[in-house]
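Here the structure is laid out as structure tokens; the discussion comes afterwards.
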Amino acid sequence: MRAIDRYAAIGDGRSVALVSDQGAIEWLCWPRIDSDAVFAALLDDRGGALRVAAAAPFASSRRYLEGTNVLITTMRTATGAVEVIDWMPAADEADKGLRPEREILRRVRCVDGRVEVVLEIDPRPGFGLGGARVARTDPLGLRWDTRHGAFFARCDVRLDLDGTRAFAEVPLVAGGRIDLSFTHACDAPAVLPALGPRVDEDLARTTAWWRAWSARARDTGPMHGHTVRSALALKLMCHAPTGAILAAPTTSLPERPGGPLNWDYRFCWMRDASLTARALFGLGYDEEARAFVSWLLHTTRLSWPKLHVLYDIYGRTPPPERELAHLDGYFGARPVRVGNAAHRQLQLDVYGEVIDAAAQLARHCCRAVDHETQELLLGLGAEVLKTWHLPDHGIWEPRSEPVHHTHSRLLCWVAIDRMIDLHEGGHVVLPDRSVYDDARAAIRSDIERRAWSDRLDSYVGVLDCDDEMGLDASVLLLSWYGFEPADSPRMRATLRRVLDTLGTSRGLYRYLAPAGWPGWEEGAFGLCGFWAVEQLARSGALEEAERIFEQLLDNSNDVGLFSEEIDPESGVLLGNFPQAFTHIGVLNAAITLAEHKPRRRSTPRPARTTHPSQPSRPSRPSRPSRPSRKKVLG
Numbered sequence: 014m015r016a017i018d019r020y021a022a023i024g025d026g027r028s029v030a031l032v033s034d035q036g037a038i039e040w041l042c043w044p045r046i047d048s049d050a051v052f053a054a055l056l057d058d059r060g061g062a063l064r065v066a067a068a069a070p071f072a073s074s075r076r077y078l079e080g081t082n083v084l085i086t087t088m089r090t091a092t093g094a095v096e097v098i099d100w101m102p103a104a105d106e107a108d109k110g111l112r113p114e115r116e117i118l119r120r121v122r123c124v125d126g127r128v129e130v131v132l133e134i135d136p137r138p139g140f141g142l143g144g145a146r147v148a149r150t151d152p153l154g155l156r157w158d159t160r161h162g163a164f165f166a167r168c169d170v171r172l173d174l175d176g177t178r179a180f181a182e183v184p185l186v187a188g189g190r191i192d193l194s195f196t197h198a199c200d201a202p203a204v205l206p207a208l209g210p211r212v213d214e215d216l217a218r219t220t221a222w223w224r225a226w227s228a229r230a231r232d233t234g235p236m237h238g239h240t241v242r243s244a245l246a247l248k249l250m251c252h253a254p255t256g257a258i259l260a261a262p263t264t265s266l267p268e269r270p271g272g273p274l275n276w277d278y279r280f281c282w283m284r285d286a287s288l289t290a291r292a293l294f295g296l297g298y299d300e301e302a303r304a305f306v307s308w309l310l311h312t313t314r315l316s317w318p319k320l321h322v323l324y325d326i327y328g329r330t331p332p333p334e335r336e337l338a339h340l341d342g343y344f345g346a347r348p349v350r351v352g353n354a355a356h357r358q359l360q361l362d363v364y365g366e367v368i369d370a371a372a373q374l375a376r377h378c379c380r381a382v383d384h385e386t387q388e389l390l391l392g393l394g395a396e397v398l399k400t401w402h403l404p405d406h407g408i409w410e411p412r413s414e415p416v417h418h419t420h421s422r423l424l425c426w427v428a429i430d431r432m433i434d435l436h437e438g439g440h441v442v443l444p445d446r447s448v449y450d451d452a453r454a455a456i457r458s459d460i461e462r463r464a465w466s467d468r469l470d471s472y473v474g475v476l477d478c479d480d481e482m483g484l485d486a487s488v489l490l491l492s493w494y495g496f497e498p499a500d501s502p503r504m505r506a507t508l509r510r511v512l513d514t515l516g517t518s519r520g521l522y523r524y525l526a527p528a529g530w531p532g533w534e535e536g537a538f539g540l541c542g543f544w545a546v547e548q549l550a551r552s553g554a555l556e557e558a559e560r561i562f563e564q565l566l567d568n569s570n571d572v573g574l575f576s577e578e579i580d581p582e583s584g585v586l587l588g589n590f591p592q593a594f595t596h597i598g599v600l601n602a603a604i605t606l607a608e609h610k611p612r613r614r615s616t617p618r619p620a621r622t623t624h625p626s627q628p629s630r631p632s633r634p635s636r637p638s639r640p641s642r643k644k645v646l647g
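In short: position in the sequence shown from 1, add 13, done, that's my numbering.
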């Protein structure tokens with residue numbers, strides 16, 4: 014395992030693998046993105062990995078092929094250099110039946126001098142508990158049989174066996190190369206394609222597919238390159254068969270070094286709906302946006318009119334949360350959890366998220382809402398009319414008693430407001446318009462009276478709270494959803510208070526938390542900083558918005574991927590990775606900046622420094638002290 018920033022991601026719309034800068038795939042869940050891990054060295058050195066790297070110490074640098082999720086890692090030793098190219102093939106629907114259900118292709122080629130290359134395949138299915146029997150299928154092929162299906166490896170060189178681990182050490186000289194395929198099938202595939210020219214074709218097809226997809230992104234101006242990279246990262250978390258979008262492809266990467274704020278994010282949160290739809294529609298990815306909103310509407314039918322906080326990729330209730338005691342955790346951060354108990358919470362904001370996403374679909378696609386969807390939306394609206402005044406667990410879902418959250422009250426207002434919009438647009442017919450008008454006015458009055466603090470000169474995150482501990486970055490969304498103009502005196506004052514109190518050199522904390530409380534010593538929350546950028550841009554402070562936006566982009570790693578949080582003092586990435594919420598924040602901020610300023614020519618960012626080779630278990634990251642809070646973001 015290594016620092017989070019030293020991983021990159023590859024995927025195929027069904028699964029995601031994390032590849033370290035040392036050439037090891039240390040996280041992979043197959044066949045589904047929320048399946049048990051096959052490689053889990055990310056969470057325990059005994060968790061298994063697939064390694065292709067130089068045998069001698071090396072310095073590494075890496076990049077994605079422009080406009081793609083094809084990863085190239087360059088490893089330079091004292092005697093030469095090799096490139097490792099990693100991708101999951103993009104397959105047309107017509108030939109999927111002739112290919113393995115899942116496949117990773119790895120190509121190592123010597124680009125300079127002479128380099129000894131190590132190949133190692135050590136699958137540990139079932140988070141290391143699945144067991145495996147390995148056998149040769151032919152001189153260059155291997156098969157692992159497990160209760161989780163069959164795994165196959167095919168390589169240009171013969172791999173030796175040590176138990177269930179396959180390995181080889183091979184010299185390469187400039188111009189030489191080795192291809193390796195690792196595949197999975199619940200049942201043995203009818204055809205296991207040979208390597209050779211097929212790998213060249215796969216690489217060309219996959220590169221072309223990603224470039225065609227990324228070229229569709231609407232231009233966002235000077236930072237368009239970063240917009241495209243975040244769009245590509247978000248696309249990795251889109252589940253192609255259903256349209257669902259995951260929060261992250263990992264579990265139990267800690268929000269605080271050492272734990273225990275370790276959660277399974279391999280699910281789909283309703284709270285992300287509106288922000289995600291806006292990002293996709295705003296970039297011109299209408300197909301993905303329609304698929305996502307359609308998944309939302311299908312999923313909500315399964316529990317209608319009640320909504321769960323999160324669902325799995327097929328719209329089902331997640332499995333019960335449990336702890337994997339046999340895994341050490343990321344640098345000892347225990348527990349490792351699978352499943353997420355937050356799905357049992359009451360979070361009233363989810364109704365507004367789903368209804369707003371549906372309203373965006375109606376607005377962007379100008380299509381009539383079918384009768385079944387009208388009934389679904391009316392049921393959700395009726396549920397909000399009954400429950401908007403209740404306390405809940407809120408957007409940050411603390412595992413504590415419910416309270417009256419401003420953000421939840423805001424999204425209840427959004428739900429009613431968008432139902433009125435849909436009614437006025439002829440998409441739904443409200444049974445009694447006046448009931449919705451009265452509820453919208455009542456919720457507005459409640460927020461304006463109880464969420465505003467004269468003492469703090471700011472909106473607060475908990476109603477009737479007059480203390481700094483009630484400040485919360487989510488109040489910046491009051492203008493995002495159209496509840497209050499961004500340039501109103503209250504919103505301007507709120508922004509300054511939030512920046513002064515929650516601001517750090519690397520973004521915003523979500524809220525203040527006393528020592529020992531849940532959230533104490535967590536990092537700055539990636540998404541919240543981008544909310545501030547949008548609020549600044551909408552209020553007319555464009556130069557400050559652009560400055561902070563560029564500053565926040567530096568919180569990504571060397572290949573442009575963001576985690577959930579970042580430690581403000583050390584710059585250590587925290588939380589599950591890569592994080593959809595943060596990349597959605599990048600996209601929406603870029604869209605808002607583009608809407609408020611003439612476009613300029615995009616300029617590339619300078620490359621990051623390379624990482625030297627390190628031992629397999631690097632020293633544990635130091636536990637940061639409680640960082641001091643700085644006035645603004647920079």
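Beta carbons are placed, not taken as given, at the ideal position from N, Cα and C, and that holds for glycine. Source: prediction; values computed, not measured.
As a quick exercise: from T196, T92, T87, T159, pick the residue whose alpha carbon is nearest that of P102. T196
Just confirm the distance between the C-beta atoms of W317 and L389, as a whole number of angstroms; I'd bet it's less than 8 Å. 6 Å
Write down the C-beta distance between V130 and V124 rounded to the nearest angstrom, noting that I regard them as a contact closer than 8 Å. With 8 Å as the limit, V130 and V124 do not qualify as a contact, their Cβ atoms being about 12 Å apart.
Pairing CB atoms from the stretch 40 to 59 with CB atoms from the stretch 131 to 143, are three or more of them under 8 Å? yes
With distances taken Cα to Cα, identify the nearest neighbour of L185 among G126, I561, C379. That would be G126, whose Cα lies nearest to the Cα of L185.
Three-state secondary structure (DSSP) at W276? It is coil, neither helix nor strand.
Alpha carbon to alpha carbon, how far is G520 from A620? Give it in angstroms, no decimals. Note that A620 scores a pLDDT of 38, beneath 50, so its modelled location is shaky and nothing firm can be said.
Between the Cα of S421 and the Cα atoms of L296, G474, E414, which residue gives the shortest distance? G474
Given R27, which residues of its chain have a CB within under 8 Å of its CB, disregarding the five upstream and five downstream residues? P44, R45, I46, R115, H252, A253, P254
Coil, strand or helix - E461 by DSSP: helix
Using the C-alpha atoms, what's the distance from A217 back to R224? 11 Å
How about the stretch 448 to 455 and the stretch 480 to 498: do they share at least three Cβ pairs that are nearer than 8 Å? no
Need the endpoints of the alpha helix (DSSP H) that E182 sits in, please. Here E182 belongs to no alpha helix (DSSP H); instead the beta strand (DSSP E) covers 178 to 186.
Give me the Cα-Cα distance between R231 and D99, rounded to the nearest whole angstrom. 27 Å
Per DSSP, what are the beta-bridge partners of E129 in this structure? P184
Ignore the nearest five residues each way along the sequence and tell me which others in A290's own chain have a CB closer than 8 Å to its CB. A302, F305, V306, D369, A370, Q373, L374
Can you find the residues in the same chain that come closer than 8 Å, C-beta to C-beta, to L549, ignoring five residues on each side of it along the sequence? L508, L555, E557, A558, I561
Can you tell me where the alpha helix (DSSP H) holding M432 begins and where it ends? 419 to 437
Of all the options R146, I579, G61, D169, which has the alpha carbon lying nearest to the alpha carbon of D158? Nearest C-alpha to D158: R146.
Need the endpoints of the alpha helix (DSSP H) that H596 sits in, please. 593 to 609
For F538 and R156, what's the separation of their Cα atoms in angstroms? 43 Å
By the 10 Å Cβ neighbour count, where 16 or more other Cβ atoms means buried, how is D175 classified, buried or exposed? It counts as exposed.
With distances taken Cα to Cα, identify the nearest neighbour of E582 among G516, F590, D277. G516
With distances taken between CB atoms, is the gap from E547 to A602 smaller than 8 Å? yes
What's the C-alpha gap between P404 and L118? 50 Å
Compare the C-alpha of E410 against each of A354, S458, E437, C379 and name the closest. A354
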